[in-house]
Ligand code: SF4
Ligand code: SF4
Ligand code: SF4
Ligand code: FES
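Residue numbers (the working numbering), protein chains in the order written: chain B, 4 to 957; chain L, 15 to 95.
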């Protein structure tokens with residue numbers, strides 16, 4: 004038996020304060036005004052046959068299968084396009100309707116191959132269902148007329164198998180247009196059209212190209228919308244229809260899409276975005292929907308391993324031996340160098356429960372506060388900046404809030420690539436008419452794409468965000484565009500007065516700062532006026548804001564703008580950090596920072612600390628511990644010699660790779676827990692197998708503070724979920740932990756964290772997901788924060804003086820390198836590189852402006868050396884107009900690219916978040932890989948051999 | 015050879031903190047914010063190192079005045095274990 008499809012109401016839900024009541028087949032039903040008759044009928048479970056309608060997209064009215072009779076009206080209106088109205092009396096089944104529907108189906112079937120038994124959609128095909136529903140028994144026209152399915156005839160088209168994840172078989176197409184509309188309305192890419200007219204017409208990506216060569220971004224929305232097997236997942240073609248469905252949460256980005264994993268036994272057939280998902284409402288991107296085959300990749304680490312030195316081959320050992328060895332090494336290091344000489348890192352990809360247990364291990368079993376997470380290197384300035392100003396280290400809204408925004412201000416983020424599902428929603432709102440301001444050095448997709456155009460684009464010089472937001476504040480205050488009443492009521496007045504005087508100074512005007520920013524000051528004035536006066540203003544920002552020496556200052560500047568214009572505390576507005584990884588928000592919430600206990604309470608806070616001391620039965624250190632970069636420095640100074648690193652790849656993802664390598668080599672005990680031999684594991688002494696999100700239970704918290712369940716679909720490949728491994732290590736160190744399920748960890752979190760008191764696995768089962776704060780005051784969670792007052796009481800303004808970075812261009816390093824990510828790959832790429840996504844992005848390249856390329860004799864495709872003050876690497880050049888002259892760009896998804904060999908130790912003043920976004924470099928044409936690349940390849944090959952030849956210890 | 019940049023990197027970090035708060039017109043507030051920031055975010059060994067640098071370099075001190083003023087108000091950090 005294949006799985007039942009989720010109920011399809013045919014047309015989208017409508018919101019209205021007006022309700023209408025009508026009668027359908029004698030049953031009275033009341034619906035919001037604007038609801039279609041089709042949807043109303045489904046609500047009382049009188050489904051109307053349909054083919055061209057589905058509830059994720061607007062009705063189109065082309066198939067004529069959904070006709071109904073309405074008392075007193077002539078003809079047979081289509082129920083998908085006819086709105087419900089007061090007093091209507093509708094009949095969904097009459098002999099006449101049955102006859103018409105049969106006729107419609109007969110026409111469809113006459114141009115459809117009758118190979119249902121061997122069709123991949125068999126058992127899950129709407130055409131098949133409708134044929135059954137209308138009771139079609141024979142096709143009067145026969146099957147021998149002109150058609151699209153007989154090979155060798157004029158109309159026949161070959162299958163398109165160019166996309167690695169789905170297949171297009173034109174012979175099965177009924178031209179219902181659902182795919183085209185899904186690509187337009189849901190995804191916003193406009194890659195599909197109907198080519199040809201009438202009977203000849205067929206769906207075509209771009210201009211009759213193959214899917215892979217077209218503008219298609221492989222989101223899968225069209226596949227999901229297709230009622231037949233014309234567009235179908237290769238998983239279904241290969242494995243057949245699934246038998247089980249488990250709802251879980253995507254482990255890639257901070258959007259946190261909810262998915263139904265469809266499987267049979269432990270074989271996953273496909274992932275379907277969950278229609279009830281609070282963050283994604285049934286949409287997804289290529290990564291979440293398709294790129295999960297890494298979970299069963301042969302490179303997975305399946306057994307624990309140990310070795311004395313990183314120049315030794317690995318020895319395969321039992322779990323018990325590996326854990327005992329790690330514990331005894333940590334104890335030895337602590338005995339020799341002191342209790343503060345070891346620490347732990349937990350990835351922001353891990354679950355909340357895993358993050359919580361790692362910080363507990365460090366604080367309670369290691370006895371110090373040396374715990375950190377990769378959020379350090381991306382959004383730590385968000386935590387700091389928003390806490391200082393608004394009082395809570397989190398975004399203020401839901402994603403859906405953007406649908407109520409009048410002006411959207413995007414700074415330092417590229418949602419269509421980095422947060423694709425939210426990017427699609429944002430584009431939908433822009434197509435509906437919201438204004439758009441983009442502050443980004445590159446002409447990102449949002450600046451101009453199909454039916455989208457930024458009203459103002461400020462192509463600033465990298466590193467000048469603070470100058471831009473401060474200059475915007477200057478315009479708002481000096482032109483009187485601020486909301487004085489809001490400020491007087493809600494904000495701290497001393498801080499406001501100081502800030503107002505500061506930003507109003509002439510030196511902070513757009514004209515004074517324009518030379519630094521590198522744009523026409525008028526653009527900044529326009530942006531400020533638009534943001535302050537166009538109605539609901541919402542700010543979205545990302546790593547282009549945080550990963551700077553003034554990252555925290557820029558976040559503070561953004562919060563200042565929102566407070567000054569009253570754009571906080573209701574739907575449609577707010578300050579919205581777009582988090583990189585799936586659980587950046589959660590790992591910060593869970594106390595993965597060296598200065599903060601879960602719930603953002605400082606370790607020096609005696610009240611909070613004593614609660615944890617009582618619950619954990621241990622004395623806690625009131626002094627902050629080391630942050631990641633500080634750990635590296637301390638390792639080189641000889642005071643930090645042991646590291647437990649769960650799920651994080653600091654060698655590839657942290658700046659100044661050679662510095663990180665040296666620090667790791669200096670340590671005496673490095674324990675890496677990961678699903679693959681990542682770059683950090685090549686420097687490890689103990690290697691513990693990790694589990695993927697498909698193999699464990701827990702929760703992730705997305706960028707809108709939404710806590711969503713992660714549910715186990717298959718058994719962990721090496722036997723344990725990650726929190727279980729941490730627990731074994733704690734026990735081996737003599738600190739008892741006895742959780743039997745991740746839910747018990749969440750119960751402990753809830754009992755110790757005021758914003759989480761109402762959270763439990765049972766509640767998540769019931770509600771699907773919940774946005775914290777979730778407690779007695781808000782048992783079902785808090786979609787919008789700071790509604791009547793700010794979390795800190797009064798909102799605090801802070802001066803944001805622009806201080807140019809030390810990474811200055813000069814004659815030796817005349818170009819600025821900035822880094823980013825692309826849609827199909829994910830961060831260090833450990834997962835996405837091990838999927839067919841690599842067909843979309845097989846290497847990191849250097850994008851360079853034609854003028855800079857020409858001056859250096861560089862042509863598209865040449866190998867170029869990129870040199871900075873920190874190091875040198877070699878990449879292939881792509882000459883691209885979307886770069887500004889003077890700025891070059893690369894991604895960091897592949898280890899040998901060495902993008903981080905060239906990034907420097909510069910970091911954010913408040914949080915040490917590295918300045919990935921600005922590095923002064925020179926680019927030259929070269930003929931061979933850099934010295935580092937050659938050395939690292941050699942080292943890496945040796946380490947891979949050590950793994951391949953690991954021997955069981957005798 | 016140590017790759018560690020020793021006090022140099024701490025000096026740079028401390029001055030970056032100083033620069034942020036230096037623009038506060040209320041000098042007393044700025045000083046206490048710098049001190050608070052260092053106490054709340056810097057591990058004691060880092061605080062000890064920067065304080066040692068400050069006391070050892072009465073002249074030719076690379077720290078901003080606001081940082082030096084803040085340091086002078088801070089208690090000696092506890093020893094690391
Ligand atoms: S996969 Fe997505 S982008 Fe590609 S054609 Fe389908 S809907 Fe459009
Ligand atoms: S490909 Fe599928 S969704 Fe698109 S028009 Fe054909 S049948 Fe309809
Ligand atoms: S948008 Fe993010 S969370 Fe959603 S499917 Fe894509 S990677 Fe996963
Ligand atoms: S479903 Fe209404 S016309 Fe196709």
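Where a beta carbon is used, it is the ideal one built from N, C-alpha and C, also for glycine.
Check                                                                                                                                                                                    : Outcome
State yes or no: is the C-beta of residue 695 (chain B) nearer than 7 Å to some heavy atom of ligand 1?                                                                                  : no
Using a Cβ-Cβ cutoff of 7 Å, what residues of the stretch 312-342 of chain B are near chain L? List them in chain order.                                                                 : 341, 342
Give the residues of chain L in contact with residue 806 (chain B), contact being defined as C-beta atoms less than 7 Å apart.                                                           : 33
If you measure from each CB to the nearest heavy atom of ligand 4 and keep those under 5 Å, what residues do you get, in chain order?                                                    : B:53, B:55, B:56, B:64, B:66, B:69, B:81, B:83
Do you know offhand how far residue 18 (chain B)'s Cα is from residue 489 (chain B)'s?                                                                                                   : 29 Å
Report the residues of the stretch 40-57 of chain L with a CB closer than 9 Å to any CB of chain B, ordered along the chain.                                                             : 40, 43, 51, 53, 54, 55, 56, 57
Express the C-alpha separation of residue 232 (chain B) and residue 122 (chain B) in angstroms, rounding to a whole number.                                                              : 7 Å
Between residue 170 (chain B) and ligand 2, is there a pair consisting of the residue's CB and a ligand heavy atom that are separated by less than 7 Å?                                  : no
Over what stretch of residues does the beta strand (DSSP E) that includes residue 26 (chain B) continue unbroken?                                                                        : 22-27
In three-state terms, what does DSSP make of residue 18 (chain L)?                                                                                                                       : Note on residue 18 (chain L): pLDDT 42, under 50, position unreliable in the model; the coordinate value appears next. Residue 18 (chain L): coil per DSSP, three-state reduction.
Sorted by chain position, which residues of the same chain lie with C-beta nearer than 8 Å to residue 31 (chain L)'s C-beta, five sequence neighbours on each side aside?                : 48, 51, 52, 81
Would you kindly check if the distance between the Cβ of residue 659 (chain B) and the Cβ of residue 952 (chain B) is under 8 Å?                                                         : no
CB of residue 167 (chain B) to nearest heavy atom of ligand 1: below 7 Å?                                                                                                                : no
Please confirm if residue 60 (chain L) has its CB atom under 8 Å from at least one CB of chain B.                                                                                        : yes
Less than 7 Å separating the Cβ of residue 231 (chain B) from some heavy atom of ligand 2?                                                                                               : yes
In three-state DSSP terms, what is residue 866 (chain B)?                                                                                                                                : strand
Who are the neighbours of residue 627 (chain B) on chain L, taking C-beta pairs under 7 Å?                                                                                               : 54, 55, 56, 57
Using a C-beta to C-beta distance shorter than 8 Å, which residues of chain L count as neighbours of residue 912 (chain B)?                                                              : 27, 30, 31, 33, 34
What's the C-alpha gap between residue 301 (chain B) and residue 93 (chain B)?                                                                                                           : 58 Å
Any heavy atom of ligand 3 closer than 7 Å to the beta-carbon of residue 209 (chain B)?                                                                                                  : no
Based on Cα-Cα distance, which residue from B:524, B:533, B:534, B:561 lies nearest to residue 545 (chain B)?                                                                            : B:561
By the criterion of Cβ-Cβ separation under 9 Å, what are the contact partners of residue 501 (chain B) in chain L?                                                                       : 38, 39, 40, 43
Would you kindly work out how many angstroms separate the C-alpha atoms of residue 140 (chain B) and residue 540 (chain B), rounded to a whole number?                                   : 58 Å
Who are the neighbours of residue 556 (chain B) on chain L, taking C-beta pairs under 8 Å?                                                                                               : 34
List, in order along the chain, the chain B residues whose C-beta lies closer than 8 Å to that of residue 23 (chain L)?                                                                  : 636, 908
When you compare the CB of residue 92 (chain L) with every CB in chain B, is at least one pair closer than 8 Å?                                                                          : yes
Quick check on the burial criterion: 16 or more other C-beta atoms within 10 angstroms. Buried or exposed for residue 59 (chain L)?                                                      : buried
Mind checking the stretch 468-482 of chain B against chain L and listing, in chain order, the residues whose C-beta falls within less than 9 Å of any C-beta there?                      : none
If we ignore side chains and look at the alpha-carbon of each, how far apart do residue 288 (chain B) and residue 87 (chain L) end up?                                                   : 53 Å
Between the alpha carbons of residue 594 (chain B) and residue 740 (chain B), how many angstroms are there, rounded?                                                                     : 18 Å
Mind checking if residue 75 (chain L) is an interface residue toward chain B, Cβ cutoff 8 Å exclusive?                                                                                   : no
Compare the beta carbon distance of residue 280 (chain B) and residue 255 (chain B) with 8 Å and say whether it is the shorter of the two.                                               : no
Should the stretch 170-184 of chain B be regarded as contacting the stretch 150-157 of chain B, the criterion being three or more beta carbon pairs within less than 8 Å?                : yes
Let me know the secondary structure DSSP gives residue 541 (chain B) once reduced to three states.                                                                                       : strand
Take residue 643 (chain B) and list the residues in its own chain whose beta-carbon comes closer than 6 Å to its own, dropping the five residues that flank it on each side.             : 344, 634, 637
Excluding the five sequence neighbours on either side, which residues of its own chain have a C-beta within less than 7 Å of the C-beta of residue 458 (chain B), listed in chain order? : 438, 439, 440, 533
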